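These notes are about the structure you will find just below.
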Amino acid sequence: MREPPTTMSETERYTVWCEQVRALFTREPCGAVEDAADSNNDDAYFPECFYMRMLGALKKCGGDGVAVERSRRSSISSDSCFSSVSQQRNRVDEDVLASRLASKLEAHARVLSRQRQRQQQKRQEEAATVRRTATRLPFRDCAVEAKVAAINEDLHDALLYVRQRNMLSNQLRRQLEETRRLLVMQVPSSS
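Number 238 marks the last residue of the sequence shown (our numbering); no jumps.
So, in structure tokens, the structure goes:
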């Protein structure tokens with residue numbers, strides 16, 4: 048850094064030094080591409096709050112308030128090269144901050160959209176499951192269950208009775224056929 052002229056007061060030299068440091072740290076190297084991971088980093092450049100802390104530290108260390116105010120006014124004046132760079136940098140910082148904020152909001156909106164889609168899918172799956180189980184297992188109360196059990200038992204008994212009757216009927220038919228066959232065999236031999 049260049050040494051400021053010796054005709055300046057201490058606070059003015061400090062202000063110039065702060066502007067030089069600020070100008071040094073706000074420049075990007077030629078052809079540099081900003082890293083995507085650093086795009087969300089708020090301290091990618093020399094922050095304004097650090098500069099203000101430096102000025103505040105001067106005030107706390109015994110610098111008189113008038114000199115600090117004068118140094119602030121001189122650093123903000125429109126004819127100062129550093130103040131115009133600072134003002135331009137502030138505008139660029141606001142644009143960068145706005146674009147970062149917009150990208151963060153878009154990312155958050157995408158996350159919310161995905162969450163909403165997942166919730167809708169879960170609700171649809173739950174509704175489909177409820178519909179499937181409702182068609183398979185209709186709701187029954189205890190009285191209905193008792194009546195259904197009694198009807199099933201009666202049907203079971205009736206089917207067993209019918210089966211037994213069919214078996215007896217088939218057995219009787221076979222016996223009658225056997226008897227007829229035996230009778231037919233005896234009739235020709237007697238003649």
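Yeah, the Cβ is synthetic: ideal placement off N, Cα and C, and Gly gets one too.
A quick note: this is a predicted structure, and the numbers were derived from the prediction, not measured.
Taking a C-beta distance under 8 angstroms as the contact criterion, residue 68 and residue 55 do not qualify as a contact pair. It is roughly 43 angstroms from the alpha-carbon of residue 174 to the alpha-carbon of residue 145. Residue 223 and residue 199 have their C-alpha atoms some 36 angstroms from each other.
The alpha-carbon of residue 203 is positioned some 16 angstroms away from that of residue 192. The straight-line gap separating the alpha-carbon atoms of residue 210 and residue 220 is approximately 15 angstroms. By the neighbour-count criterion, in which 16 or more other beta carbons inside 10 Å mark a residue as buried, residue 208 falls on the exposed side. By the beta-carbon neighbour count (other beta carbons within 10 angstroms, threshold 16), residue 153 is exposed. Excluding sequence positions up to five before and after residue 206, its CB lies less than 7 angstroms from no other CB in the same chain. A residue is called buried when at least 16 other Cβ atoms come within 10 angstroms of its Cβ; residue 176 does not meet this threshold and is exposed.
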